[in-house]
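Accompanying notes for the structure given below.
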Amino acid sequence: MRKITEIIVHCTATRADWWAGKRTSEKVREIKRWHVTPKPEGRGWSDIGYHFLIDRDGTIAKGRDIARDGAHVQGRNAGTIGISLFGGHGSSETDRFEEHFTPEQDAALRNLIADLREQFGNVPVTGHNQDAAKACPGFNAPAWFARKAPPKPPVSAPKPPAAPSPAKPATGRLAVLLRLLAAMFRKG
Ligand SMILES: [Zn+2]
29 MRKITEIIVH CTATRADWWA GKRTSEKVRE IKRWHVTPKP EGRGWSDIGY
79 HFLIDRDGTI AKGRDIARDG AHVQGRNAGT IGISLFGGHG SSETDRFEEH
129 FTPEQDAALR NLIADLREQF GNVPVTGHNQ DAAKACPGFN APAWFARKAP
179 PKPPVSAPKP PAAPSPAKPA TGRLAVLLRL LAAMFRKG
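Here the sequence shown is numbered in my numbering, starting from 29 and rising by one per residue.
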């Protein structure tokens with residue numbers, strides 16, 4: 029196994045509803061076709077460029093064998109693993125994950141990254157746009173990863189304990205007791 033030093037996130041730049049209703053395996057085969065079709069129609073690569081692809085419903089599919097360098101980021105394929113999220117068409121590098129991808133993809137990507145980091149150590153997680161002047165994957169991957177979990181809908185924060193109400197003058201038996209105590213201390 030080659031030494032892994034980084035995980036790089038990508039998107040397929042397809043529309044959110046691209047090939048909706050088709051199986052993940054069919055979509056992966058189509059992406060592979062784009063990558064292996066000879067130039068100029070395709071990329072002319074030996075295999076699909078990414079090591080993993082994550083469908084809109086969170087299904088994770090294998091692409092190229094992770095033992096082999098991928099073809100996903102120019103000049104940085106050695107030692108890196110490329111994961112691509114289906115979607116991201118029209119995204120820009122300053123967008124947020126949620127604008128282009130699903131909560132299922134968020135969870136699946138986090139799980140996959142956790143598995144890979146368990147296998148290969150806590151390698152950095154970056155996006156294609158860190159390495160190239162590209163929008164891909166359509167968000168800031170390190171910032172997304174640092175967030176640790178999808179943003180939750182705002183929940184009302186637990187209320188701090190109510191501030192003690194201003195002391196009321198002691199009345200009744202309590203007042204008598206307090207006066208007694210005060211008197212005892214004065215004597216002491
Ligand atoms: Zn990319």
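Note that CB positions come from ideal geometry on N, CA and C, so glycine has one too.
| Item | Value |
| --- | --- |
| Distance CB(residue 52)-CB(residue 115) smaller than 8 Å | no |
| Within the segment 111 to 169, ranges of the alpha helix (DSSP H) (whole runs, at least 4 residues) | 125 to 128, 131 to 148, 156 to 159 |
| Rounded straight-line distance, which links the Cα of residue 95 to that of residue 134 | 25 Å |
| Residue range of the alpha helix (DSSP H) that includes residue 67 | Counting along the chain, residue 67 falls outside any alpha helix (DSSP H), and DSSP gives it neither H nor E. |
| Inter-residue spacing [alpha-carbon to alpha-carbon] between residue 92 and residue 109 | 10 Å |
| Local Cβ density within 10 Å of residue 30, reported as buried at 16 or more and exposed below that | exposed |
| When 32, 163, 211, 79 are compared against residue 117, the one with the closest alpha-carbon | 163 |
| Residue 62 versus residue 146: straight-line alpha-carbon distance, rounded | 32 Å |
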